[in-house]
Every structure is written in C-alpha cells, then in structure tokens.
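Visitor: Got a structure for you, questions after.
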Amino acid sequence: MERTFLTPGGHEGRFMSLPALAERFPQIKRLPVSIRILLEAVARNADDTRITSTHIEQLANWQAQGERSEEVPFMVARVVLQDFTGVPLLCDLAAMRTVADDTGRSPAAIEPLVPVDLVVDHSVQVDFFGTVDALHKNMEMEFQRNRERYQFMKWGMQAFDGFRVVPPGIGIVHQVNLEYLFEGVRNRPGDDLYYPDTLVGTDSHTTMINGLGVVGWGVGGIEAEAAMLGQPVYILTPDVIGVELTGTLPEGTTATDLVLTVTEMLRKEKVVGCFVEFFGEGTASLSVTDRATIANMAPEYGATMGFFPVDEKTVDYMQKTGRTDDACERFEAYFRAQEMFGIPRAGDVDYTRVVKLDLSTIVPSLAGPKRPQDRIELPAMRKTFESLFVAPSSDNGFAMKPEKLTERYPTQMKGVDLGHGDILIAAITSCTNTSNPAVMIAAGLLARKAVEKGLRVKPHIKTSLAPGSRVVTDYLTKSGLIEPLGELGFTLAGYGCTTCIGNSGDLAPELNEAIVEHDVVAAAVLSGNRNFEARIHPNIRANYLASPPLVVAYALAGTANIDLSSEALGQDATGKPVYLKDIWPSSEEIDAVMPYAQDPVTFSKLYTDFSGEVELWNEIPAPTGDVYDWPESTYIAKPPFFDGFGMTPPPVSDVHGAKPLLLLGDSVTTDHISPAGRFSETSPAGQWLIDAGVEKKDFNSYGSRRGNHEVMMRGTFANVRIKNLMLPPDADGKRIEGGYTLFDGEQTTVFDAASRYMAGNAPTVVFAGEEYGTGSSRDWAAKGTLLLGVKAVVANSFERIHRSNLVGMGVLPAQFMDGTSWESLAIGPNDSFDIEGIEAGLAPRQELTLRIHRSSGETEEVPIRSRLDTDVEVAYYQHGGILPYVLRDIMN
C-alpha cells in the first residue's frame, strides 16, 4: 500500500497510502481523521505477530456506533516526558539494566527504540516573587534542591541513545512540544518512508499537541516505558465524539472562556475514554494556539484526545514558529496525499455522535472553586461564592456559617487583615494559556491600562508570571508589556509549571497562621488547567481558573467574592471608580501587538543549543556507565518493583481475607492519591526524611522526590484534603480530612495501617465511587497503591489513565455492577472481603465475585466487573504488571 508524494520544492517521499488502502476498504474515506491516523500507524507497523492484518481490517471497518471490543496496537513515533514522571521512569529503566547486568545479560539491551525527550519543567517553585531578580533566585533554589535528580538525568543522557533532556529554565513540556519538538511528518534516518508525528507522553496534558493534528495522549510512565522499549500502546477501539463548532468568538472573550465552556459541556456528555474530534466552520476559524488551549484540557473534560485536523492554519503556525520551508512543504504535501488536509465540514465524516457549540454564545468565565468543569459566568462569581460558602462539602461547598461571610480577621502582617474570598495567589501560569499569545498580550495590555489609571495589586498577594517558553517574555519585552505586568507584581518567576502543578511556594507565615486559626476560605486565581483541592496550596480552599487578563483583574480587585461585570476593580488617582470594561483590551489592540509573537527568527534562535544557555545545568557533573551505581540518596533509589524477579511469573490468585484500607467518594483525583506539592514534617514522608537527616527546609516536594519509593509510598493517600469516609465526622459534623484511616478501630495514618496489614500478610482493598483517579497521569498513584499492599481497587467508574496505570502495576481495577456501590452495600471498616474468579482463568472484563464478610458474621456475595479490558491487560496483570512483562520479553 506504499505510494509516493511530491512537495512543491520537488522532494519525493514514500508513505503508507490510506487512499490506496481505501480501494479495499471504502469506509476509510468516512472515518474520523484521528482514526485514520491510527490506521496508518497500524498498517505501517504490521508484522504478522503483534500487529496483524486482522488489526488493520478491524480498524479500517470502524463503525461509528459499533461495539468496542477490539484493541488497537498503536506504535508511536516518539515519547515525551516531564521530570516529575520522567525521573521515576528513568529509575525503572536503570533498575531494568541492573537486573540484566545481575543475570549476566547485556544492560544495553534495555534501550529506547523511539526518540525520547524529557523536558524539566515541574520542579521550579515560586519561592521568590514580585521582584526583578525572582527568576534568578528561583533558579538557584531549583538547582540547589534538585542537584541529585539532575545528575541522574545526565547519567541517562549518556547511557541511553535517543534520550534527550531539555534542561530547566527553557519551558513547559507541552509548549516546548508545540514550538520545537514537533517536526511535522517524520522519517527514520536513511529511510525515505514518511509518517505522521504521533506520541504518548507522561503527562495528561500531552493532548495539547492534538491542536497541531498530532494523535497523542497522556499515559503513565509505566505505559510510556513499554512504548519506548518497542511495545505497542494498546487502546480499546474508541468512540469518536464529533464537536461541531459554528460561528465566531465574540468581542471580549478568549480561548480560555471557550475551553472552560467546552470542559463543562463535554463533562456532561460523558466522553471519558473517547476521542473528541473538532470540525465545522467555527473550528476552522480558530487559531492553532486557540486549538491547542482546547486540546490541552482534554483530561479535564475526560476525553483521551481533543483532536483538530490539519489545515492551512497548521502549516502557517509551523512557518511562524521557525520550522524550515522543507518541513512545512513536506508536511502539507503528505497530508494532502493522504486526503486528510482540511477541517471536515458537517456530513463529511461519521462520528459516534455529534455535539454542537455556537462560538458566538461564549461569555467571559472562570471555573472553580474545586473542579475545572464547574464553570461560572463572570457576573455570577459573587452569587456563586456566597452560595458555595454555606453549601455542604458534598456539593463542593465550604460548609461555613453564613454570618461568617463578612467577617475579617487580623494577621501579624502590618496593615493586612483577611476575609473569606480574599485572593492570596494570582498566577499567570501553565502552558494551557501562556502558549497562546492572544491572551498573554491581552493580560499585558490590561496591566498597562491599569497602571496608567493608578491601580495596584496589594503587596501581600503572591503574584507571578511563569510562561511556558522564553518566546513569551521575548515578545512581551519587545512590545513593552513586560514592564506594566511587573509593576503589578507579575514579574518573571520561572519557566515551568509552577502554580499550576502546585509549586506555588509557601505563603507568608503570618497569612498561613491567620488562615488556620480562623478557618479562612482564601482564594487563588490562575491561568492553569486544574484547581483540585489542596493542589495550588494546602491552605487555599477556593481556587479559580481564568484567562491571563482575568487573573490580573482579580489580583487588582483582591477578592473572588465580586461581580466584575458591575463592581469596580478599584479607584484611579482621582478617586473615580475603575471598572473591568474600562481597561479590557479590544481585539484590534491585541492584533496590533500580535506580530511580535509571530517571528520565526525568534523561535529558531531560542531553540538552538539551549543547553549551552543554562549555566547552572552545565555545572552539574554527569555520572557515566551503562549501569547506574545507585549512590545513597533521598531523591533517587533503586525501585523495588523488580525485587525477586524471575523469568517465569508466579500464578495469579484470588484475594482472600482483604481489609478495607479506604472508603472513598466520587471524583477522587490522582492528586488525592499521590500529591505533588509540599508536605509537613509530621507526615510519614516528612518523618522518614527527618530520620534520614534531611532538614524541613530541604524537603522539596513530593513531585521532586518521585525517584525515591520510600518517600512516595509514605505520601500515597496523604493529601491533606482527601476524605476517607471510613472515619466518623468530627464534633462539628465535618468529615475528617487527610491521609488517615482506621486500624482495629483506632485512627492512624494510611501508611501506618498499610504497613501493619502487610506485616500481618493481610491484603487490602480500596473502595471508591465515580471517576476514581481523575486528573494527572501520575503513575505514582498506582505505584504507591501497589507498595501499600493494595490488591484491588473497586469503584463505580475509573478515569482512563489511572485505570491503565493500576493494571500496569499489577493492581486489579474492578467495577461495581447493577447500580450497586460500597455505600449501597453498607460496607464498613470492620468487614473483610474475598474476590474470586481470578485464578480460575481471567478474560477481558469478566465477572468476578466480591464476597463480603460482615463484622456481624453474615456473608453477602455480589458480582463485580474486572476492568482488565483487553487480552494484553490480562497478560500484564498475570505478569505482575507491564514492567516485568516487558523485561521478560526483552531478556527472553
């Protein structure tokens, strides 16, 4: 099925032709574009063993409403990593080499077979802010804290071919991916066979690259390891939800307002596990950076992807970001030859179902205070805050008494008191929005107008600017907008995820003390993609997602409890009230500045030899050798996942006599399961570090310590906002929060209880409600679960990535059936459980039996559904997880 294509410049290349394949399977011409790109990869990599003609036929005959029982073996073109997930992946690879070396095999057999890029973006924290030297000071702190991690990365660079590291201080992985790593169509060295760029990444927001027409999504490090070692990424054939966009965005709205609306809409449409593909005239009207913003938040609306087909605007973006003329011509010629160029119109493609959205209906919005799908129209912010202030926590409220709403409390900080709704963190952060020059320019223009009117941000509000690439500060500087942002406190703090990932740095002690003492519902506003409880800061309970200009506006207002559509931001120098409409930039003003952000020379310059521009990185010595020697470190340790490894896996068995470790509600996130941010000295992880001689000031974060399993297993289920419903309410009737459970009727930490269960050889089970494992791709949420001795997680439903990660670690995900739940079954802390049907012979999605041994002496049996969804997942589980499966395959 190979054919050739020709570029306007006369370059010829071979390709696996879908139009030629359509001569055999005419339905291909009606397939969603995302399915066609999957099909190309399957057809090109067919080897009659792992990928067969049957796989090609099944996918070529994809039916919009067909039954989803077959799996797609997807061979990706490359893998991208960020450091929080990339370091534990590198630990696993290093451990595999140790196993190979210990068994007399060549360590070099463990080698990535596709290009791998690790972008260091998650570790920088906002310790310093609001000053011109904040970036320099934060970078110094970053390298001081993470030196051992960076030495380990440098060992990986010299040990593995095709493994590159983009050092700290360059940008956020997804923005760097858009602006630099993406090459258009690819070919292997010395081979003229071209194919589309495809990938998986160890971050759920890998989907941002879907805005460029690239098929790719986030996976845990476990799955990414298998992909880089030559295994297909297996995915159940997906439904594809078509989203038809019509109209155009109204004046005064942004892509952020659009994506928050899309997130709200598609959460209600229940697109979990589906591909979402955008089409229609409204889609064609969006810029690539607008598309990337929408694609970025696919995890927030639950989809595997938020895909935008390739068109003229895609090619234009490549040209304006410094790609070569040859690359741009080849890219366009390839997609035209594949008959996949252009945004489909209504009726062109068969989708599982179609959802419509008129862009002209979009209004300025925020989302929060606890979930990204909870959109709030700008005029409703005050009313919503006041309503949620008194609402119960079960309704995402704060369960406060209404008379407290207007109270203000003193602090030990001179001239500062606190009230409910006061904003303490305002962050222009995250690749979601900083990759989009339209909203960044809007923020700068709004800041300039605010400064001209004499408005200022109160100095106790922690303001920061942390863009996803150096290109942003280049065009803000050239356009004269960096200065007014700085005058409002939004000085450059770092090039990384910062506040969006929970690295907001701490608040002033005086503010923390007042918040805790008076139970203040303080607020944060950020241009990020997630606002889960305790993610931004453990003491800030109301967190709102907003566009960069709205972040600046709310920082000026100083409170979230305000209607900015009708209430003043503040007063000008004459005492006259200033309203948001007075300083909101017009689209003409934004367009006038846009050329500064579209200079190909700037992109080419900033992405050339960037490693030579980070002096602190170059000063770090690089260990050498094919096998890592595992020096003593509280950051990097040999993981225990291969302890006792043998070439023959032990047989799987039923679970008997299991105890409940946690009873959890709905929407438990991977942040709840494995937090990324700071932790206290009284936590199990903090106590372990203190015993190891680490001072509290050097704790760093859970995310930065993911290379050490001793820290991470102690941090599992340790989020200060997780609610284990096994625990009785406190004296005020509120649910106890934090990483606690019951052991023999006594409250203790989850880690302590798990350790005691494991010491007594007692297995444990976690029970949960809907959407278990929503959020980040965090593989440690599954790894930590395994290391705590949990044999199964039984929930009403799972988010895609976390379910896959549980399988990848050999933990059984199972689902309640027939409308039952642990609550309807009245499961209690003193019950015990058997799960039967495992050792009799597993099949995908088979029915198992959960036997409940009541503390009263009664026994009840209910069916549950194994969520080992495919034959390959069954094989992974039988091998004890994907890592031993792959290692046995390589060493066989």
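Counting from 1, position 476 in the sequence shown corresponds to residue 475 in numbering that gives the first Met the number 0; the numbering is continuous, with no gaps.
Every residue gets a Cβ at the ideal spot worked out from N, C-alpha and C, and that includes glycine.
#1: What are the boundary residues of the beta strand (DSSP E) that residue 217 is part of?
#2: Jot down the residue ranges of each uninterrupted alpha helix (DSSP H) in the region 525-600, minimum 4 residues, whole runs only, in chain order.
#3: Which residues in the same chain as residue 452 place their Cβ atom closer than 6 Å to its Cβ, once the five residues preceding and following it in sequence are excluded?
#4: Report, in whole angstroms, the separation of the C-beta atoms of residue 562 and residue 853, which I expect to be a contact under 8 Å.
#5: Taking just the CA atoms, how far does residue 274 sit from residue 215?
#6: Could you tell me the distance, in whole angstroms, from the CA atom of residue 266 to the CA atom of residue 301?
#7: Measuring CB to CB, does residue 224 end up less than 7 Å from residue 88?
#8: Is residue 794 helix, strand or coil when you go by DSSP?
#9: Report yes if the C-beta distance between residue 425 and residue 522 is below 7 Å; otherwise report no.
#10: Output the boundary residues of the beta strand (DSSP E) element that contains residue 202.
#11: Give a yes or no on contact between the region 96-110 and the region 382-397, applying the rule of three or more CB pairs nearer than 8 Å.
#12: Provide the residue span of the alpha helix (DSSP H) that contains residue 91, from first to last.
#13: By alpha-carbon positions, which one of 323, 740, 317, 230 ends up nearest to residue 887?
#14: Whose C-beta lies closer than 7 Å to the C-beta of residue 175 among residues of the same chain, with five residues either side of it excluded?
#15: Assess, as a yes-or-no matter, whether the region 757-767 is touched by the region 685-694 under the definition of 3 or more beta carbon pairs within less than 8 Å.
#16: Within its chain, find whatever has a CB closer than 8 Å to the CB of residue 869; leave out the 5 residues flanking it on each side and keep chain order.
#17: Can you have a look at residue 892 and say buried or exposed, based on whether 16 or more other CB atoms are within 10 angstroms of its CB?
#18: Among the candidates 513, 75, 399, whose CA atom is the shortest distance from the CA of residue 388?
#19: Tell whether a beta-carbon distance below 7 Å holds between residue 889 and residue 221.
#20: Could you pull the start and end residues of the alpha helix (DSSP H) that residue 750 belongs to?
#21: Look at the Cβ atom of residue 120, then the Cβ atom of residue 706, and state whether they are nearer than 7 Å.
#22: Unbroken alpha helix (DSSP H) runs of length 4 or more, entirely within the region 475-503: which are they?
#23: From residue 335 to residue 313, what distance separates their C-alpha atoms?
#24: Just reading off the alpha helix (DSSP H) that residue 713 is part of, what are its end residues?
#25: Does DSSP put residue 352 in a helix, in a strand, or in coil?
#26: Taking all protein chains shown into account, do 16 or more other C-beta atoms lie within 10 angstroms of the C-beta of residue 108, making it buried, or fewer, making it exposed?
#27: Measuring straight from C-alpha to C-alpha, what distance separates residue 328 and residue 195?
#28: Where does the unbroken beta strand (DSSP E) through residue 427 begin, and where does it stop?
#29: What's the call for residue 144, buried or exposed, on a 16-neighbour Cβ count within 10 Å?
#30: Measuring only the C-alpha atoms, how far is residue 662 from residue 717?
#31: Name the two residues that bound the continuous alpha helix (DSSP H) containing residue 35.
#32: So for residue 306, helix, strand or coil by DSSP?
#33: Assign residue 763 to one of three DSSP states: helix, strand, or coil.
#34: Have a look at residue 465 and residue 26 and give me their C-alpha separation to the nearest angstrom.
#35: Does the distance from the CB of residue 276 to the CB of residue 309 come in under 7 Å?
#36: Go through its chain and collect everything with a Cβ distance to residue 473's Cβ below 6 Å, but skip five positions before and after it.
Guide: From the atom records:
#1: 214-217
#2: 547-556, 579-582, 586-592
#3: 571, 577
#4: Between residue 853 and residue 562 the Cβ distance is about 53 Å, and since that is not below 8 Å, they are no contact.
#5: 10 Å
#6: 7 Å
#7: yes
#8: strand
#9: no
#10: That residue, residue 202, is in no beta strand (DSSP E); it is neither H nor E in DSSP.
#11: no
#12: 82-101
#13: 230
#14: 118, 165, 169, 468
#15: no
#16: 70, 233, 235, 843
#17: No answer is possible for residue 892: it lies beyond the span of the chain, which begins at 0 and ends at 891.
#18: 399
#19: no
#20: 749-758
#21: no
#22: 481-486
#23: 13 Å
#24: 708-714
#25: strand
#26: exposed
#27: 14 Å
#28: 422-427
#29: buried
#30: 14 Å
#31: 32-43
#32: strand
#33: strand
#34: 47 Å
#35: no
#36: 601
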